[in-house]
Amino acid sequence: MASIEPHQIAGEEETYAFATQLVTGSVLPMALKKACELGIFQIIAKAGPDAKLSASDIAAQMLTKNQGAPIMVDRIARLLVSHNVLGCYMVGFERHYTLSRVLLLRA
Numbered sequence: 091m092a093s094i095e096p097h098q099i100a101g102e103e104e105t106y107a108f109a110t111q112l113v114t115g116s117v118l119p120m121a122l123k124k125a126c127e128l129g130i131f132q133i134i135a136k137a138g139p140d141a142k143l144s145a146s147d148i149a150a151q152m153l154t155k156n157q158g159a160p161i162m163v164d165r166i167a168r169l170l171v172s173h174n175v176l177g178c179y180m181v182g183f184e185r186h187y188t189l190s191r192v193l194l195l196r197a
């Protein structure tokens, strides 16, 4: 049975990290673009600087009849939260989103 050297593990971890960067590197720009197109940032901003809106609240103000819109908004918003573009607060079992400082600078 072949033994695995520590430098081989480190090399594999670096390769995996690099592959992950390549795959996910385009996700944030796409999510930002879609959030802008859907008006997610504008909807939250219109609600006020301290507004905390659920995905359902946001989707209700969008011009769509898609019943899955709240789920899609929630997925986009969660990704943006993971990059500190939006803030997130739990109210009961529901996530509520707010603008981050980065977006408040633009507003």
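Residue numbering for the sequence shown follows my numbering, starting at 91 and increasing by one per position. Note that CB positions come from ideal geometry on N, CA and C, so glycine has one too. None of the values given here were measured: they were computed from a predicted structure.
Item	Value
Unbroken stretches of the beta strand (DSSP E), 3 residues or longer, contained in the region 110-185	176-181
Residue(s) in a DSSP beta bridge with T105	Looking at the DSSP assignment, T105 forms no beta bridge with any residue, so it has no partner.
Inter-stretch contact (C-beta, 8 Å, three-pair minimum) for the region 99-113 and the region 163-173	no
Residue nearest to V181 in terms of C-alpha spacing, selected from M152, A145, A159, A125	A145
Nearest residue (CA-CA) to A121, options L176, R185, E184	L176
Pair within 8 Å by beta-carbon distance, A135 and L189	yes
Distance, Y179 Cα to L112 Cα	30 Å
Spatially closest choice to H84 from I148, G115, E103, E102, by CA coordinates	Outside the modelled stretch of the chain, which goes from 91 to 197, sits residue 84, for which no answer is possible.
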